[in-house]
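**Student:** Heads up, the numbering used here is the position in the sequence shown plus 208, with the first residue counted as 1. The beta-carbon is built from N, C-alpha and C at its ideal position, and this holds for glycine as well. If you're wondering where the values come from, they're calculated on a predicted model, not measured in any experiment.
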Amino acid sequence: MELDSSGCSAPGCWSLHQMPAHTLHQTHAPEPGSVKPLPAARWLDLRGPAQDAFHAQAAARRDQVHGRRVFLRAVVELSNYCRQNCDYCGMRRGNKSLPRFRAERDTLRRLLFDHLPASVTDINIQTGEDPVAVREIVLPLLAELAAAGRWGLSVCLGTLDGPLYDALRQAGAGYYIIKLETGNEAHFRGIHAPGSLARRLEAIHQLAATGWLVSSGFIMGLPGQTEAILDETLALLAGLPLAGSSVSPFIPGEDTPLAGAAPAHVDQSLNALAALRLARPDHVIPAVSAFSILAPDGYSRALRAGANLATINMTPDAWRGSYQLYSKDRIIMSESRVLRAIEDAGLEPSRRGLIDSLRRSPCPI
209 MELDSSGCSA PGCWSLHQMP AHTLHQTHAP EPGSVKPLPA ARWLDLRGPA QDAFHAQAAA
269 RRDQVHGRRV FLRAVVELSN YCRQNCDYCG MRRGNKSLPR FRAERDTLRR LLFDHLPASV
329 TDINIQTGED PVAVREIVLP LLAELAAAGR WGLSVCLGTL DGPLYDALRQ AGAGYYIIKL
389 ETGNEAHFRG IHAPGSLARR LEAIHQLAAT GWLVSSGFIM GLPGQTEAIL DETLALLAGL
449 PLAGSSVSPF IPGEDTPLAG AAPAHVDQSL NALAALRLAR PDHVIPAVSA FSILAPDGYS
509 RALRAGANLA TINMTPDAWR GSYQLYSKDR IIMSESRVLR AIEDAGLEPS RRGLIDSLRR
569 SPCPI
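(1) Can you say whether Thr418 is buried or exposed, counting buried as having 16 or more other CB atoms within 10 angstroms of its CB?
(2) Output needed for Asp475: all residues of its chain with C-beta closer than 7 Å, excluding positions within five of it in sequence on either side, in chain order.
(3) Using 8 Å as the threshold, is the stretch 392 to 402 in touch with the stretch 341 to 353, meaning 3 or more CB pairs across them?
(4) Check whether the Cβ atoms of Ala549 and Ser508 sit closer than 9 Å, and answer yes or no.
(5) What residue from Leu502, Arg512, Asp369 has the CA that sits closest to Val340's CA?
(6) According to the neighbour-count rule (16 or more other Cβ atoms, all chains shown, within 10 Å of its Cβ), is Asp374 buried or exposed?
(7) Shortest alpha-carbon distance to Leu286 belongs to which of Asp525, Val546, Arg567, Asp552?
(8) Can you give me the Cβ contacts of Asp564 inside the same chain, cut-off strictly under 7 Å, excluding the 5 residues immediately before and after it?
(9) Distance, Cα to Cα, Gly461 vs Val243?
(10) Note down the Cα distance separating Tyr534 from Ala470, rounded to an integer number of angstroms.
(11) Who pairs with Pro557 in a beta bridge, going by DSSP?
(12) Indicate the three-state DSSP secondary structure (helix, strand or coil) for Leu353 in the structure shown.
(13) In three-state DSSP terms, what is Ile563?
(14) Would a C-beta distance cut-off of 9 Å place Ile386 and Arg358 closer than the cut-off?
(15) Gln433: buried (16+ other C-beta within 10 angstroms of its C-beta) or exposed?
(16) How close, in whole Å, do the beta carbons of Pro557 and Val278 come, if the pair is a contact with beta carbons under 8 Å?
(17) When DSSP builds the beta bridges, which residues end up paired with Asn332?
(18) Would you call the stretch 539 to 553 in contact with the stretch 501 to 520, where contact means no fewer than 3 C-beta pairs closer than 8 Å?
And the structure:
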């Protein structure tokens, strides 16, 4: 096998020269067939030195495009109402034991304007799929944040309609996060993921066509996930008009139909992140907090495997425990935890914002 630029000859490694030059940084869909992710059979069970080399190769690919700086954003979770009923999510509408909340806008305003860490360059506003919260809380809050002109603004709000997407853009958001969770239609239906896979794909194309930077992603280790589904999912993500993508390890929620399922394996999840980075070196890829649930050093390992976005959780304590994307025992990524993980990975926080970098430079650093 040809050695790559980092000297890796492990079974999962891929020469840097095999990546077409035009895919090294782009937010439009690549030409059909131009990006072919490595088959899961080549990377899923890598361990030891072979895994280390695979992760190092993915990190080198990231460094070539983005440099060794990590984007740093804050997330505030302001509603756990959700009209969807996904089997894997504790906020599903069928969870009658979950106390529901919509945050108070004045509290959020004080939090973000007066207590946001200076290291943060971007803010992500996240809810369950709750159009009421979007209209009553998110839109006015975005307008105030945008008027300050200090941060890039992203949102993760589920599948909405065209007028609401437009209103969010007009209010100042520029980056929309909308996950696929799986790229296989039958699997998507089987886990009761939001709406339909076709509708999610339509939303991604609609958002990208109307000026949004879009990020998507999938859940690693979902029950029913096979190597063939992994291959299908990675190929789908690699071919979409995205600026970012993510791998979220499956963590079974206590009050969900999948409560008794096994969690994702940390090594397989990290390998999936590295494979995603190799497929799309131009993408912004986050280290998600679920990696810390799987392993104490999981977050820093995700950064060493190719991630380049870290998130500080700013959700007020009064609401944080009811925002149950994962289990009730969440790992909250504070500023100190995030900065320590970045340092442990041999990286440094970016001085430029995520959205600002993607808009202004072909190679954000």
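**Tutor:** So, from the data block:
(1) exposed
(2) Arg255, Gln259
(3) No, because fewer than three Cβ pairs between the stretch 392 to 402 and the stretch 341 to 353 fall closer than 8 Å, the two stretches do not touch.
(4) In contact: Ala549 and Ser508 (Cβ atoms closer than 9 Å).
(5) Asp369
(6) exposed
(7) Asp525
(8) Gly360
(9) 34 Å
(10) 13 Å
(11) Val278
(12) helix
(13) helix
(14) No, the pair does not count as a contact, with Cβ atoms beyond the cut-off.
(15) buried
(16) 6 Å
(17) DSSP lists Val283, Ser362 as partners of Asn332.
(18) yes
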